[in-house]
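Protein chains in written order, with my numbering: chain G, 56 to 371; chain L, 56 to 371; chain X, 56 to 371; chain W, 56 to 371. Below: the structure, in structure tokens.
4 protein chains.
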Amino acid sequence: MAAFRVGILGHTGYSGAELVKLLRKHPHVETVLLDHGSETGWSSLGLSVLFLATPAEVSLELAPAALEQGIRVIDLSGAFRLRTPENYQRWYGVPHPRADLLAEAAYGLPEFCRPRIPAARLVANPGCYPTAANLALRPLVEEGLIDRAVGVVCDAKSGVSGAGKKPTATSHFSEVAENFSAYAVLEHRHVPEILLTAGLQESEFSFTAQLLPVHRGILETIYFRAGAPVEAATIGELYRRRYAGEPFMRIHPEGSWPNLHRVAHTNYCDLGVKADPSSGRVVVVVAIDNLVKGAAGQAIQNMNLLLGIPETAGLL
Amino acid sequence: MAAFRVGILGHTGYSGAELVKLLRKHPHVETVLLDHGSETGWSSLGLSVLFLATPAEVSLELAPAALEQGIRVIDLSGAFRLRTPENYQRWYGVPHPRADLLAEAAYGLPEFCRPRIPAARLVANPGCYPTAANLALRPLVEEGLIDRAVGVVCDAKSGVSGAGKKPTATSHFSEVAENFSAYAVLEHRHVPEILLTAGLQESEFSFTAQLLPVHRGILETIYFRAGAPVEAATIGELYRRRYAGEPFMRIHPEGSWPNLHRVAHTNYCDLGVKADPSSGRVVVVVAIDNLVKGAAGQAIQNMNLLLGIPETAGLL
Amino acid sequence: MAAFRVGILGHTGYSGAELVKLLRKHPHVETVLLDHGSETGWSSLGLSVLFLATPAEVSLELAPAALEQGIRVIDLSGAFRLRTPENYQRWYGVPHPRADLLAEAAYGLPEFCRPRIPAARLVANPGCYPTAANLALRPLVEEGLIDRAVGVVCDAKSGVSGAGKKPTATSHFSEVAENFSAYAVLEHRHVPEILLTAGLQESEFSFTAQLLPVHRGILETIYFRAGAPVEAATIGELYRRRYAGEPFMRIHPEGSWPNLHRVAHTNYCDLGVKADPSSGRVVVVVAIDNLVKGAAGQAIQNMNLLLGIPETAGLL
Amino acid sequence: MAAFRVGILGHTGYSGAELVKLLRKHPHVETVLLDHGSETGWSSLGLSVLFLATPAEVSLELAPAALEQGIRVIDLSGAFRLRTPENYQRWYGVPHPRADLLAEAAYGLPEFCRPRIPAARLVANPGCYPTAANLALRPLVEEGLIDRAVGVVCDAKSGVSGAGKKPTATSHFSEVAENFSAYAVLEHRHVPEILLTAGLQESEFSFTAQLLPVHRGILETIYFRAGAPVEAATIGELYRRRYAGEPFMRIHPEGSWPNLHRVAHTNYCDLGVKADPSSGRVVVVVAIDNLVKGAAGQAIQNMNLLLGIPETAGLL
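Below you can see the structure in the form of structure tokens.
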């Protein structure tokens, strides 16, 4: 029986629709679809959590409205993912009106930020590219495994759903099918989210976003040099140790690689590693479903933490 | 009127079929399709050039047979692309029986090896990945622009035709569509071809091959650090200068990027650049049609050079 | 808690793998994967049902072996779908060794054959094309709505998974993508299954199978003349009445049409109708997921009936 | 050397861009790209022909403007394909302002309308679906082969480019890929064009348009009953006789079928036939490239006829 009632705003986009689909199978929640303009009635609905699957500019307006009514918010946009208005202004090109909420928001990457989430009023659900990149990179940065002088390359490829449902010249079937293209090279607005969470400097990190002719899925190929000779098996072991007990992390055995099919329609994040000990070259391949672990699934992980129910509820 | 008669062996594969299609539109040649086993009759055909669009092990057998009959050979396989039997043994896993021909073969990347090609008896047509990588990298290595201590990353993506026409589990529609996957990470046999021509050491070069759900096209995203602060415009200018007069090289203006559609069914190689002068980070994106500039088209470029006719004949 | 143990043979093909995936989510069964050659041990496994997701020739051998051990069988192949050895010989091109089992097998289309299924020892799970065609046609034939003198056209399109997982020249990505083609025109071996269940004569029925560049899904466009003037709404009403209470049948309102996305990964069969009362022309569009309602999902529907558990268990 | 100068309006859409691409390879013409609003300057350009690759409402305005300046027009829209304002009003939903031009326009299907084209001032280039349907049907109607009481079914499938370049919800990659859907069932505005040219009555003809997840290509599967017993070979022979000397018609041998790959990027129309003499059932499969024989290629065929140059110039 559903013990909690949750609301969703922005259920027509790809992330929102995925969220509705997943929540409908969730054993502990009842879902209410809300429209923009319904703010005045929220408090009477008894919502335990409100999901905002809206553009950043809409979230900037609605998140405060919900918080004022005592409703906890999980925001899927980029509105509250960075920590300072200055950083937001630089990457999003507009001023951020609520420095207080930027400072308050809990970043919703459970594998690294779990302690702060249960008590949060506002959760900033991570971006799709940063989810994959940070799950691959942060354990390596923490261990000091990466030669920071050489830096890190993250070559990222995403399915079309990552660009949203709005019909544009670049999302037209005839433009995407049988094509592949790069965009936002070295200047994607997901970069600062990766730097903040992985613990890297911008000058150390090269990021290219690329559009795959598929509907869903992100695969990132990450390159760096190890500071000291290291085997792939050692890095695999590091991941397994760091992610022991994590229900959504899967580490491939050496020689086997993640791909989009294996993670599609799941909340899993798959990791594979190759290393050349003599030169220190390391390649990590990471894959997630951008609409699940990269958006709606992770939002439900965060909701489960807010509600104090098992973190995997509705996600396995 | 056709002035030359040329033969093709292996016209049923993707590269061979593309070659036949392109040669049929070529203004100066008449094409003869040959079958394996026809060797004894070649000399009577009066062939000016024989194309081998065959697997390396077949080319190793047929190229010597043709040369003995005085027929010049353009081999599209990997059989004669490396320079020493030792290197061949390491990357192809079998001994090479003809060190003499390895030493003799001209590497058929006209933009860099043009002088040796016209008089060659045996041309080793470059691999598809190396064609793109070398056209992007060699001018930069020659100019000393790359910080070699940091090294170079080449993240390569290819359409399915690059893996050949043979039906396999990995080329099945249901396996490829809506998927994306990495293979041969740090150990693709095209790596030594890139090292030799670009002038890099293996320890400096990280290469990942990946399978795109498209039929044709290669796009490679290349990352390095400049040894000194450099603008994208400066690198663009370097390419334009180096490739001045080259009919198949196109340099994108800054902020515009190559993609597969723009090069499909053409012999063009497109290059785009982004740089961050403060950190030295540089990204180069290079795209070709793997079946044209990466195989059949380049083979015709080489044939034109062998025959002393305009290098662009049949290719524009 | 799982109350029943079921076995699967042929779990590596697309239908078999889909069956395993669906059974793993089924609340009442535990699944055992079996290999060919394991026949002697079946009786000791205590299997309530054995699924054969094997080629017809293998099912012809294994179904009798299971029945002799007292194990009930749901066969997903074409081995037991026709009623006489003569008909089997004509369409499958080989003799049928077990006329007795052909006569005994219950045809597993629950919407029409439900009464016989619960007590059956052997269920012949319908073919994918016939499932869609029969769900669209049989109510209309039963009502005498179709002008039989004019006959029925069924233009059928299927995703690649319908042709199986075996890599062939026709399933290669490069052959299928950006293509569309017809095969087995007027002679597909699913035709007799449609005739038998819909109640049509071969001379009245034209069927073309066609290969869509998608992984899963069947859409059939069916054309006929009504014997008397009829509105689309009337036919819609007829379907709604006939399928009242059927959990997997969905009738579209006039002007809305089934498509593959709407049925993908579900056991639903969607129907849409358009009619021109003045001329009697009628078009019915029917869509299913060939791997679910057209194979594994329907097999589970049949299993639920055999086991006396709710027919929708594990399927909603 | 180019002997003629031709203009194009609407070169940014798919048909217009294909036209520009094809004309650039044409040996006898020089192409001028024109913008809407440039009408006053047309007469000074010395245009031999003006192509309108514009929406019908724009063609209705620009074709008269060109004709008044003495410039011959080939219109790729539906503006002048029907013969009476009444018919136009019914299928296009708006009044037609120029009954005189409807009456005057030559329908540009050279295989049937060649005599009238060379002297025409205004050529109505056929729609994509009607081109395929009429090339398949008209010879059969002319020969009286079809049982008209039973009628004809035309099940048509088109690539996405047929719906134009404008980004819409239905052309979004994520909506089209892995999908297939019907639209405009029994009411597509191409129907009257087929009826007029094939010589059928609306009550005799059922037409469904369907969207394929491919960029280019149309395949139509046509069903009818022969009035008397007929073999596929006989119908094949009829086509071969009727299309003897036609450079763009290819008749498949029995058992071989047209597909989209075989006609892509060509002006060919491929036909295949299967018949069951005992029941009279016949299936004809016809395929064209909707952007070439279904639009730009056929427009060039018509231009060649207007200019008195070889009909295949620029098209082989």
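Positions of the beta carbon are idealized from the N, C-alpha and C atoms, including for glycine.
Rank H83(G), P82(G) and T67(G) by C-alpha distance to the C-alpha of D90(G) and give the top, closest one. Taking the first sequence and counting its residues from 1, one reaches residue 90(G) at position 35. Among H83(G), P82(G) and T67(G), the Cα nearest to that of D90(G) is on T67(G).
Environment of R171(L) [buried if 16+ CB atoms lie within 10 Å]: Numbered from 1 along the second sequence, position 116 holds the residue referred to as residue 171(L). R171(L) counts as exposed, since fewer than 16 other beta carbons sit within 10 angstroms of its beta carbon.
Residues that R153(L) bridges to, as DSSP identifies them: To locate residue 153(L), count along the second sequence from 1; it is residue 98. Looking at the DSSP assignment, R153(L) forms no beta bridge with any residue, so it has no partner.
Chain-ordered neighbours of A232(G) on chain W, where CB pairs are closer than 9 Å: By one-based count along the first sequence, residue 232(G) stands at place 177. The contacting residues are V215, F228, V231, A232, P268, V269 and H270.
Go ahead and pull the three-state DSSP assignment for G62(G). Here residue 62(G) is taken as the residue at index 7 of the first sequence, counted from 1. Strand, per DSSP.
Using DSSP with H/G/I as helix, E/B as strand and the rest coil, what is K80(X)? Sequence index remark: in the third sequence, residue 80(X) carries index 25 (1-based). In the structure shown, K80(X) sits in coil (DSSP, three-state: anything other than H, G, I, E or B).
Could you check if D130(G) is buried or exposed, using at least 16 other CB atoms within 10 Å of its CB as the buried criterion? Walking along the first sequence from the start, residue 130(G) turns up at place 75. Buried, since its Cβ has 16 or more Cβ neighbours within 10 Å.
Taking only the alpha-carbon atoms, compute the straight-line gap between G219(W) and A134(W) and give it to the nearest angstrom. As a working note, residue 219(W) is residue 164 in the fourth sequence. As a working note, residue 134(W) is residue 79 in the fourth sequence. Distance from the CA of G219(W) to the CA of A134(W), rounded to the nearest whole angstrom, comes to 16 Å.
If I'm right that P181(X) touches Y162(X) with Cβ under 8 Å, what's the distance once you round it to whole angstroms? Along the third sequence, one-based indexing puts residue 181(X) at 126. Along the third sequence, one-based indexing puts residue 162(X) at 107. About 7 Å; that satisfies the 8 Å criterion.
Distance check for D155(L) and G217(X), CA to CA, integer angstroms please. Counting from one through the third sequence, the residue named residue 217(X) turns up at place 162. Counting from one through the second sequence, the residue named residue 155(L) turns up at place 100. Rounded to whole angstroms, the gap between the alpha carbons of G217(X) and D155(L) is 52 Å.
Give a yes or no on whether the minimum CB-CB distance between P119(X) and chain L is below 8 Å. As a position in the third sequence, residue 119(X) is number 64, starting the count at 1. No - not a single Cβ of chain L is within 8 Å of the one on P119(X).
In the segment 287-311 of chain W, which residues sit with their C-beta less than 7 Å from some C-beta in chain X, listed in chain order? Under the 7 Å Cβ criterion, the segment 287-311 of chain W contributes no residue.
Less than 8 Å between C-beta atoms, sequence neighbours within five positions excluded: which residues of the same chain meet that for W146(W)? Within the fourth sequence, residue 146(W) is the residue found at index 91, counting from 1. So the list reads L137, R244, V246 and P247, once near-sequence residues are dropped.
Quick one: give me the first and last residue of the beta strand (DSSP E) that L360(L) is part of. For the purposes of this step, residue 360(L) is identified with residue 305 of the second sequence, where counting begins at 1. From DSSP, L360(L) is part of no beta strand (DSSP E) but of the alpha helix (DSSP H) over G352 to L362.
With DSSP collapsed to three states, give me the class of I290(L). One-based indexing of the second sequence puts residue 290(L) at position 235. Here I290(L) sits in helix by DSSP.
Contacts that T223(W) makes with chain G (C-beta to C-beta distance below 8 Å): Taking the first residue of the fourth sequence as position 1, residue 223(W) is located at position 168. In chain order: P222.
Enumerate in chain order the residues of its own chain whose CB-to-CB distance from I364(G) is below 7 Å, with the five nearest sequence positions on each side excluded. Mapped onto the first sequence, residue 364(G) falls at position 309. Around I364(G): H83.
May I ask you to list, following chain order, the residues of the segment 332-347 of chain W that have a beta carbon less than 9 Å from some beta carbon of chain X? S333, S334, G335, R336, V337, V338, V340 and A342
CB-CB under 7 Å to L370(W), same chain, minus the five flanking residues each way: which ones, in chain order? Your numbering for residue 370(W) matches position 315 in the fourth sequence. Excluding residues within five positions, the ones whose Cβ falls inside 7 Å are N322, G352, I355 and Q356.
Given a threshold of 16 other Cβ atoms within 10 Å of its Cβ, counted over all protein chains shown, does A387(L) qualify as buried or as exposed? For chain L, the structure presents residues 56 to 371; residue 387(L) sits outside this window and is missing.
Pick from T367(X), D344(X) and H307(X): whose alpha carbon is nearest that of A378(X)? Residue 378(X) lies beyond the residue range present for chain X, which begins at 56 and ends at 371; the question has no answer from this structure.
DSSP three-state call for A281(W): helix, strand or coil? Taking the fourth sequence and counting its residues from 1, one reaches residue 281(W) at position 226. The answer is strand: DSSP assigns A281(W) an E or B state.
Option in T86(X), A350(X) and L326(X) with minimal Cα separation from E292(X): In the third sequence, the residue the question calls residue 292(X) occupies position 237. The shortest C-alpha separation from E292(X) is found at L326(X).
Mind reading off the beta-carbon distance from L362(L) to S103(L)? Whole number of angstroms is fine, and I expect it under 8 Å. Residue numbering aside, residue 362(L) sits at position 307 when the second sequence is read from its first letter. Residue numbering aside, residue 103(L) sits at position 48 when the second sequence is read from its first letter. The pair is a contact, with the Cβ atoms about 6 Å apart (cut-off 8 Å).
Residue range of the unbroken beta strand (DSSP E) whose run includes S236(G): Stepping through the first sequence from its first residue, residue 236(G) is reached at position 181. If you look at S236(G), you'll find it in the beta strand (DSSP E) that goes S236 to Y238.
Please check the pair L157(L) and F235(G), which I expect to be a contact at CB under 8 Å, by giving their CB distance rounded to whole angstroms. The count along the second sequence starts at 1 and reaches residue 157(L) at position 102. The count along the first sequence starts at 1 and reaches residue 235(G) at position 180. Going by Cβ atoms, the distance from L157(L) to F235(G) rounds to 34 Å, so no, they are not a contact pair.
Leaving out the 5 sequence neighbours to the left and right, which residues in its chain are closer than 6 Å to V208(L) when beta-carbon positions are compared? Working through the second sequence from its first residue, we reach residue 208(L) at position 153. So the list reads S261 and Y278, once near-sequence residues are dropped.
State the Cα-Cα distance for the pair I306(L) and V338(L), rounded to the nearest angstrom. As a working mapping, residue 306(L) is identified with position 251 in the second sequence. As a working mapping, residue 338(L) is identified with position 283 in the second sequence. Computed Cα separation, rounded: 14 Å.
Span of the beta strand (DSSP E) holding A264(X)? Numbered from its first residue, the third sequence carries residue 264(X) at position 209. Element bounds for A264(X): F260 to L266.
I need the straight-line Cα distance from H151(L) to K80(L), nearest angstrom please. Here residue 151(L) refers to the residue found at position 96 when the second sequence is read from its first residue. Here residue 80(L) refers to the residue found at position 25 when the second sequence is read from its first residue. Looking at the two C-alpha atoms, the distance is approximately 36 Å.
Between which two residues does the alpha helix (DSSP H) harbouring F167(W) extend? On the fourth sequence, residue 167(W) is found 112 positions in, with the first residue counted as 1. Counting along the chain, the alpha helix (DSSP H) containing F167(W) begins and ends at P165 to C168.
Going by other Cβ atoms of all chains shown within 10 Å of its Cβ, with 16 needed for buried, is A211(X) buried or exposed? For this step, residue 211(X) is matched to residue 156 along the third sequence. Classification for A211(X): buried.
Grab me the residues of Q265(W)'s own chain with a C-beta within less than 8 Å of its C-beta, minus the 5 sequence neighbours each way, in chain order. Taking the first residue of the fourth sequence as position 1, residue 265(W) is located at position 210. By the criterion of a C-beta distance shorter than 8 Å, Q265(W) is surrounded in its chain by D210, A211, K212, S213, F235, S236, A237 and Y238, once the five residues flanking it on both sides are discounted.
For A281(G), which residues in the same chain have their Cβ closer than 6 Å to its Cβ, ignoring the five residues on either side in sequence? Numbered from 1 along the first sequence, position 226 holds the residue referred to as residue 281(G). L200, G335 and V337.
To the nearest angstrom, how far is the alpha carbon of A118(L) from that of S93(X)? Start at 1 with the first residue of the second sequence, and residue 118(L) comes out as number 63. Start at 1 with the first residue of the third sequence, and residue 93(X) comes out as number 38. Spanning the two alpha carbons is a distance of roughly 51 Å.
Name the DSSP beta bridge partners of T86(L), please? Counted from its first residue, the second sequence places residue 86(L) at position 31. For T86(L), which the question treats as bridged, DSSP gives the partners V61(L).
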